[in-house]
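Read through the structure below, which is laid out as structure tokens, and then see the notes.
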Amino acid sequence: MAALQRRAPCYELLLLFNLLWWWGSEAGQLRYSIPEELDKGSFVGSIAKDLGLEPRQLAERGVRIVSRGRSQLFSLNPRNGSLVTAGRIDREELCAQSAPCLVSFNILVEDKLNLYPVEVEIVDINDNAPRFLKEEMELKILENAAPSSRFLLMGVYDPDVGVNSIQSFKLNSNSHFSVHVKSQAHGPKYPELVLEHALDREGEAFHHLVLVALDGGDPVRTGVARILVTVLDVNDNAPVFSQPVYRVSVPENLPVGTRVLTVNATDQDEGVHAEIRYSFVTITKEISHIFSLDTSTGEISTSETLDYEDSKFYELDVEARDQPGLQDRAKVLITVLDVNDNAPEVVVTSGSRAIPENAPPGTVIALFQVYDKDSEQNGLVTCSISESLPFKLEESLDNYFRLVTNSELDREQVPSYNITVTATDKGMPPLSTARLISLHVADINDNPPVFTRSSYSVYVPENNAKGISIFSLNAVDPDSEENAEIIYSLAQETLQGTPLSSFLSINSNTGVLYALCSFDYEQFRDLNLLVTANDRGKPPLSSNVSLNLFVLDQNDNTPEILYPTLPTDGSTGVELAPRSAEPGYLVTKVVAVDKDSGQNAWLSYRLIKASEPGLFSVGLHTGEVRTARVLLDRDSLKQNLIVAVQDHGQPPLSATVTLTVAVASSIPDILADLGSLDIPPKSDDSSLTMYLVVAVATVSCIFFTFVMGLLVLRLCHWHKSRLLKATRKGVSNVATSHFVGIDGVQAFLQTYSHEVSLTADSRKSHLIFPQPNYAHTLISQEGCEKNEPLLIQEDLTFCKDEDALDQIHKSLLLIV
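Note that the sequence shown covers residues 119 to 934 in the numbering used here.
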């Protein structure tokens with residue numbers, strides 16, 4: 119090693135003068151030549167210049183070295199674009215005795231996925247000295263050996279090749295022996311000891327020789343071995359092999375311990391001189407571990423498993439020696455036959471793990487290399503993928519394949535692919551290897567959001583609370599990530615001239631629709647909206663959906679009584695009924711409407727209170743007030759009715775109206791009756807008063823006050839009588855169908871022959887002629903006593919208080 123260091127400048131000069139590169143004429147191959155044992159980082163060649171690139175472009179274009187099956191021997195210098203050694207290169211370790219020693223690899227330009235083959239020749243330097251397999255040897259020679267006899271010596275080995283390997287041998291100065299070099303075609307050199315002069319055991323029984331092996335390097339390296347020559351008595355026949363060279367071919371999968379062949383040598387001597395022992399000579403330590411030799415039988419067998427990929431050929435030297443020491447040598451040539459014991463290998467050199475779904479057909483996904491350590495047919499490899507996949511393989515140089523797209527991809531249908539690349543050799547039986555390449559299909563915004571329904575209908579009850587959520591819309595986008603993030607919005611800005619934001623809002627992220635106001639069915643009943651769903655892709659895509667919002671009516675309006683209306687002049691409305699009216703006579707009709715709709719606007723009428731129960735009835739659905747029986751003389755002139763109007767909502771709402779009905783034979787009679795209405799006799803009251811006066815005779819002041827009250831009442835009665843007479847003269851010529859005012863009392867004498875029904879839904883009046891329904895008729899006292907089943911609870915209560923009400927009614931008539 120010290121010698122090597124001293125010669126380092128010489129090797130650098132050798133590198134500068136011998137460094138070569140040229141372009142291959144066929145495949146554009148780059149070739150370089152360097153000596154072995156260069157320091158790490160030593161210059162090999164200018165890759166950037168040879169590829170026509172600037173040094174800075176190496177990193178930009180992803181230029182790198184790809185090789186297979188061995189450690190990386192070279193690297194790229196990114197600063198100057200040169201190819202340098204990645205460490206010390208030992209040619210002997212790399213190529214053994216092979217010459218020339220070539221290292222092949224590829225330069226990959228990543229952005230174009232182009233490959234450039236490179237071949238570097240490793241030139242041998244004289245860094246190894248010759249080495250004898252045995253540094254000491256004992257040689258026995260018969261004393262009667264003839265001059266010029268030759269004796270094979272120990273093997274010598276020099277890992278270098280060419281002139282750097284063994285070139286000559288030198289023997290120390292002596293009077294009996296010389297050394298001769300025996301060489302074989304394309305084989306190593308063997309030293310032979312030549313007897314120059316006859317031996318004399320009695321004169322000199324031992325000879326000590328020093329053998330020196332010299333190579334042809336500069337400087338010359340040497341190896342030394344010591345030889346002890348023992349002169350023996352006569353043994354005139356040496357062992358002889360049956361053939362000088364033995365050849366055999368064995369498969370590499372031969373089991374350990376299997377016999378390879380048997381060498382055989384014979385000796386014409388007898389006795390101990392004919393006993394032969396076999397041994398290996400000139401074999402390396404590695405070979406000695408692979409093969410074993412039976413010293414007695416000459417049988418050669420395997421000690422370890424053979425491997426064609428490690429060594430295809432073995433050369434062994436076998437020696438046969440008899441007991442006195444005579445010997446013969448034979449060569450054994452063992453050829454290892456390849457069997458298909460190595461599956462192909464798939465090495466992915468470059469590629470991407472994701473590809474956009476809009477990538478055009480022919481887009482390169484991955485570049486990989488396929489190779490097999492076996493040889494000939496066993497090393498021929500075919501590569502395939504499933505035909506159902508939208509990909510195909512394109513073969514490149516040096517068993518490289520490109521995986522490219524064969525058709526357009528759709529992430530929404532298949533988001534990812536597991537591509538199994540199968541490499542199969544042509545051996546028998548064939549072996550295969552599967553390599554999985556996972557590919558993710560990257561999303562692009564090619565799908566707009568889609569609502570789950572083509573249109574939506576939303577029903578919201580009126581009088582809803584402000585700010586409540588009334589509906590949730592949902593749209594889906596088969597894209598991913600931001601391309602699938604949806605933003606909801608209302609397409610319209612105004613509604614009936616009012617900003618839509620005053621009525622509704624929508625959560626842009628969740629699609630929940632909120633009511634910002636309390637809806638009123640009576641103002642508007644439905645809204646037609648357009649909801650838009652936009653994704654966040656670039657460019658964004660959108661879709662619309664129609665949303666119909668219907669306001670549901672609630673029973674929030676009390677029935678409104680249109681007739682009878684309260685007079686505006688402070689008088690009391692009076693309805694007139696003749697005493698001759700038959701049962702079912704239409705006295706008047708209560709007309710009411712409800713602003714609600716549906717059953718909330720269905721009205722029913724009930725008579726809840728009357729001065730004379732059983733005298734009048736009210737149509738349940740028509741509101742018609744009719745006589746329920748014949749009018750009697752005992753019936754009061756003035757009848758008060760309270761009618762309730764109720765809708766069918768939940769809960770129901772109602773309104774009441776008070777009717778005053780004046781009963782007489784005709785209008786003049788009614789006026790006369792009203793004018794000559796006598797005050798009921800006061801005898802009972804006077805008697806009661808006198809009785810009280812007698813009881814409290816001592817209280818004279820009270821009696822005086824009572825007398826003054828009677829006088830005042832008389833004066834009032836006289837005044838009203840004069841007014842009635844004057845009025846009777848003024849209305850004697852007025853038709854009975856017109857409005858008549860009598861002493862502050864207003865009456866409607868129009869006779870009704872139809873039903874008027876006003877509803878808030880239609881906003882129009884409709885004339886209908888239903889059959890009268892008199893279910894709501896207040897029953898007389900007799901009816902109360904008979905417990906009529908049609909009586910409602912209010913009627914029963916009224917019957918119980920009939921006497922009291924009658925007394926109050928009579929008192930009111932007296933006051934009028």
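Glycine included, every Cβ here is placed at the ideal spot set by N, Cα and C.
- Annotation: R249 to I207 spans about 21 angstroms, alpha carbon to alpha carbon.
- In the DSSP assignment, S406 falls outside any beta strand (DSSP E) and lies within the alpha helix (DSSP H) extending over 403 to 408.
- Excluding its 5 nearest sequence neighbours in each direction, S626 has C-beta neighbours in its own chain below 6 angstroms: I605, Y606, listed in chain order.
- As a beta-bridge residue in DSSP terms, Q757 pairs with V779.
- Separation of the CB atoms of N758 and T778 is rounded to 6 angstroms, and the pair is thereby assigned contact status at 8 angstroms.
- If you look at Q285, you'll find it in the beta strand (DSSP E) that goes 284 to 289.
- Scanning its chain for C-beta atoms nearer than 6 angstroms, with the 5 sequence neighbours on each side dropped, one finds around A323 the residues V349, in chain order.
- When DSSP states are grouped into helix, strand and coil, H391 belongs to the helix group.
- In terms of Cβ geometry, G655 and N592 do not form a close pair [threshold 9 angstroms].
- The stretch 433 to 453 makes no contact with the stretch 473 to 484, as fewer than three CB pairs between them are under 8 angstroms.
- Rounded to the nearest whole angstrom, the C-alpha separation of S502 and A461 is 15 angstroms.
- Distance check between E210 and each of F269, G615, D242, V374 places D242 closest, using alpha-carbon atoms only.
- Considering only D653, L515, E580, T628, the residue with the shortest C-alpha distance to D671 is E580.
- For Q361, the secondary structure class from DSSP, reduced to helix, strand or coil, is coil.
- Taking all protein chains shown into account, H298 has fewer than 16 neighbouring C-beta atoms within 10 Å of its C-beta and is therefore exposed.
- P508 is positioned such that its CB atom lies closer than 9 angstroms to that of T523.
- Q764 is classed as buried because its beta carbon has at least 16 other beta carbons within 10 Å across all chains shown.
- At a cut-off of 3 residues, the continuous stretches assigned as beta strand (DSSP E) that sit fully inside the stretch 436 to 510 are 445 to 455, 463 to 469, 472 to 474, 482 to 489, 499 to 502.
- At least 9 angstroms separates the beta-carbon of G341 from that of D278.
- Residue pairing for G585: DSSP places it in no beta bridge.
- Between the stretch 649 to 664 and the stretch 696 to 709 there are fewer than three C-beta pairs closer than 8 angstroms, too few to call the two in contact.
- Taking the Cα of E254 as reference, the smallest distance to any Cα among S575, N262, V328 is reached at V328.
- For N646, the number of other beta carbons within 10 angstroms of its own is below 16, and it is reported as exposed.
- Between V378 and V366, the C-beta spacing is below 9 angstroms.
- In the displayed model, F824 falls within a helix according to three-state DSSP.
- Counted as a single uninterrupted DSSP element, the stretch harbouring C635 is not any beta strand (DSSP E), since DSSP gives it neither H nor E.
- Counting of Cβ neighbours within 10 angstroms places E742 among the buried residues, the total reaching 16 or more.
- V374 has its alpha-carbon roughly 26 angstroms from the corresponding atom of Q495.
- When the alpha-carbon of S151 is set against those of S266, L220, A177, the nearest one is in L220.
- Fewer than three Cβ pairs drawn from the stretch 453 to 467 and the stretch 398 to 409 lie within less than 8 angstroms of each other, which leaves the two stretches out of contact.
- Distances from the CA of T628 to each of F637, L618, D638, T650 were compared; the closest alpha carbon is that of T650.
- The C-alpha of S550 is placed about 45 angstroms away from the C-alpha of V281.
- A direct Cα-Cα distance of roughly 20 angstroms separates D229 from N517.
- Going by beta carbons, L169 and V184 fall outside the 9 angstroms limit.
- In this model, D597 and E530 are separated by some 7 angstroms (Cα to Cα).
- The stretch 224 to 240 makes no contact with the stretch 311 to 326: fewer than 3 CB pairs, one atom from each, lie closer than 8 angstroms.
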